[in-house]
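Report on one structure; see the data block that follows.
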Amino acid sequence: MSWEDARDALRKMREDQVRDGPRVVRLWKQILSNYAHKLGDEVWTVQEQVTIGALDCQNLDLAQECISCLNSKFPGSLRVLRLKGMFYEAEGKYTKANECYDKILEEDKANMFAAKRKIAMSKEQNDLPEAVNQLNKYLETFMTDFDAWMELCDLYLQHQEYSKAAFCLEELIMSNPHSHLYHQKYAEIKYTQGGMENLEIARAYFAQACKLNPNNMRAQFGLLLTSSNLATGYNKSQRSVNAKCAMWAAEQIIDKYQVCGSQCAMWAAEQIIDKYQVCEPQCAMWAAEQIIDKYQVCESQCAMWAAEQIIDKYQVCESQCAMWAAEQIIDKYQVCESQCAMWAAEQIIDKYQVCESQCAMWAAEQIIDKYQVCESQCAMWAAEQIIDKYQVCESQCAMWAAEQIIDKYQVCESQCAMWAAEQIIDKYQTTQSQEQLQDTKVLELIRKMQENVSTQHDS
1 MSWEDARDAL RKMREDQVRD GPRVVRLWKQ ILSNYAHKLG DEVWTVQEQV
51 TIGALDCQNL DLAQECISCL NSKFPGSLRV LRLKGMFYEA EGKYTKANEC
101 YDKILEEDKA NMFAAKRKIA MSKEQNDLPE AVNQLNKYLE TFMTDFDAWM
151 ELCDLYLQHQ EYSKAAFCLE ELIMSNPHSH LYHQKYAEIK YTQGGMENLE
201 IARAYFAQAC KLNPNNMRAQ FGLLLTSSNL ATGYNKSQRS VNAKCAMWAA
251 EQIIDKYQVC GSQCAMWAAE QIIDKYQVCE PQCAMWAAEQ IIDKYQVCES
301 QCAMWAAEQI IDKYQVCESQ CAMWAAEQII DKYQVCESQC AMWAAEQIID
351 KYQVCESQCA MWAAEQIIDK YQVCESQCAM WAAEQIIDKY QVCESQCAMW
401 AAEQIIDKYQ VCESQCAMWA AEQIIDKYQT TQSQEQLQDT KVLELIRKMQ
451 ENVSTQHDS
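Following the UniProt record's numbering, the numbering of the sequence shown begins with 1 at its first residue and continues without gaps.
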């Protein structure tokens with residue numbers, strides 16, 4: 001590289017405000033230090049740039065050499081005095097550095113560079129209260145320094161002074177109302193403050209951030225959380241509005257991540273289920289339906305996982321929601337292999353066995369209807385599961401189950417029919433006298449079936 005190329009490289013870094021200390025030091029030591037006489041008056045600007053780069057690299061010898069050259073050329077210069085203060089900071093001599101900056105501010109109260117160095121030095125010494133005080137004084141003079149407002153906001157957040165941090169963000173939003181990052185951070189502060197009023201403000205600013213940048217996933221998840229929390233603290237009309245807002249955010253998130261792999265898809269489904277399990281039944285059912293629709297093309301393991309997650313999360317819902325979930329799972333996964341079908345039936349029976357008798361009978365009827373086309377082994381398994389699960393029900397429910405099983409499986413082969421009869425007799429032979437009268441009806445039906453079987457064998 002020629003010295004002209006090195007000069008142009010340093011010049012471009014100054015124009016672009018790039019602070020690459022190692023490269024600056026390398027270009028100076030290897031090339032430009034030997035051609036300093038060809039740089040003209042630009043050599044002093046280059047030496048100032050090299051001084052800052054050397055301080056970033058802790059090359060104090062080179063920094064001191066450049067400061068000496070600048071001081072001999074510009075004695076009493078405030079810019080050289082600021083470089084001396086930075087040199088003392090690098091050495092850890094904060095008292096001498098502070099004296100340099102105070103001397104600069106005495107001569108020029110509007111010198112923002114010296115004021116910023118004092119603030120940075122307070123942060124470096126971990127004196128955050130002093131840094132906050134100096135920043136407030138600085139912003140009284142330089143109110144349009146947006147980086148300083150953001151720095152003050154971060155300092156307030158470290159002290160958990162959320163109302164003051166929110167004020168700083170309000171100033172930034174007024175300066176640039178089209179920045180989605182400002183809206184997002186302000187909403188996060190309001191969400192952290194808590195309370196219904198702050199949550200409403202957070203929801204509005206999260207929504208605005210999503211509007212300004214539809215790809216802002218952090219804002220979409222924030223809208224998801226805020227709407228979910230608001231849905232539990234209002235009357236039905238407001239709850240419905242927040243539920244719709246939450247459903248929209250969930251739909252956006254699902255659309256964004258549906259192109260990912262199976263592991264990411266399962267993660268997204270799990271996150272959405274966790275976030276919306278506190279919503280009303282309508283929202284919960286919608287979320288379950290969306291997940292089933294999105295991931296029904298997955299492999300059997302993923303499908304069973306999704307069904308298990310939905311059953312686990314929404315088992316606390318009312319009977320109508322529970323029955324709906326069971327029906328949806330049966331409809332979606334009825335094309336699976338026999339092992340998956342038996343698993344789904346077993347999961348539904350396990351999860352909803354605490355429901356009322358009407359719900360239990362409905363579940364049994366649905367399973368029998370859906371899987372009556374299975375092979376004999378699956379049919380016998382389903383009957384055995386239903387008898388085991390609902391044997392604690394009342395007599396009316398027990399009689400209904402027996403009649404349903406006999407009606408559904410009377411078209412099976414003789415071995416299956418005989419097995420069903422033996423199972424029913426074994427399960428309900430301990431009933432009381434009043435229930436024995438009801439069992440008599442069952443025995444009459446069984447005898448008729450046995451006579452039909454004997455007639456078929458004789459023929």
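All residues carry an ideal CB built from backbone N, CA and C; glycine is no exception.
- Beta-carbon to beta-carbon, residue 224 and residue 249 are separated by about 4 Å, close enough to satisfy the 8 Å threshold.
- Sequence-distant partners of residue 20 (beyond 5 residues in either direction) whose C-beta falls short of 8 Å from its own C-beta, in its chain, are 13, 53.
- Within the same chain, Cβ atoms closer than 7 Å to the Cβ of residue 112 are found at 142, the five residues on either side in sequence being excluded.
- DSSP, reduced to helix, strand and coil, places residue 110 outside both helices and strands of the structure shown, so it counts as coil.
- Taking a contact as a CB-CB distance under 8 Å, the pair residue 191 and residue 199 counts as one, their CB atoms being some 7 Å apart.
- Between residue 81 and residue 46, the C-beta spacing is not below 8 Å.
- Under the 10 Å beta carbon count, residue 15 is surrounded by fewer than 16 other beta carbons and is classified as exposed.
- Judged by DSSP in its simplified three-state form, residue 40 adopts coil rather than helix or strand.
- The beta carbons of residue 3 and residue 38 sit about 7 Å from each other, so the pair counts as a contact at 8 Å.
- The shortest CA-to-CA distance from residue 152 to any of 179, 183, 116 is the one to 116.
- The beta-carbon separation of residue 208 and residue 183, rounded to 5 Å, stays under the 8 Å limit for a contact.
- DSSP, read as helix, strand or coil, puts residue 143 in coil.
- Here residue 221 carries a helix assignment [DSSP, helix/strand/coil].
- Of the residues 106, 127, 185, the one whose Cα lies closest to the Cα of residue 218 is 185.
- Take residue 35, set aside five residues on each side of it, and the residues of its chain with a beta-carbon closer than 6 Å to its own are 3, in chain order.
- The criterion of a C-beta distance shorter than 8 Å is satisfied by residue 118 and residue 101.
- In this structure, residue 90 places its C-beta atom within 8 Å of the C-beta atom of residue 55.
- Cβ neighbours of residue 212 within its own chain (closer than 8 Å, five residues either side excluded): 178, 179, 180, 183.
- Rounded to the nearest angstrom, the gap between the Cα atoms of residue 63 and residue 84 is 9 Å.
- In terms of Cβ geometry, residue 148 and residue 157 do not form a close pair [threshold 8 Å].
- By the neighbour-count definition (other C-beta atoms within 10 Å, threshold 16), residue 58 is an exposed residue.
- Nearest Cα to residue 245 within the set 227, 31, 126: 227.
- Taking each of 76, 31, 44 in turn and checking the Cα distance to residue 65, the smallest one comes out for 44.
- Between residue 128 and residue 169 the beta-carbon gap is near 19 Å, outside 8 Å, which marks them as no contact.
- For residue 198, the uninterrupted alpha helix (DSSP H) segment begins and ends at 196-212.
- Membership of residue 186 in the alpha helix (DSSP H) is indicated by the continuous run 180-193.
- Cβ atoms of residue 137 and residue 131 stay farther apart than 8 Å, at about 11 Å.
- A residue is called buried once 16 or more other Cβ atoms fall within 10 Å of its Cβ, and residue 60, having fewer, is exposed.
- Rounded to the nearest angstrom, the gap between the Cα atoms of residue 104 and residue 126 is 23 Å.
- Of the residues 146, 161, 187, 165, the one whose Cα lies closest to the Cα of residue 172 is 146.
- Residue 172: member of the alpha helix (DSSP H) spanning 162-175, first to last residue.
- Under the DSSP assignment, residue 24 falls in the alpha helix (DSSP H) whose first and last residues are 21-30.
- Where residue 63 is concerned, the enclosing alpha helix (DSSP H) starts and stops at 60-73.
- When DSSP states are grouped into helix, strand and coil, residue 100 belongs to the helix group.
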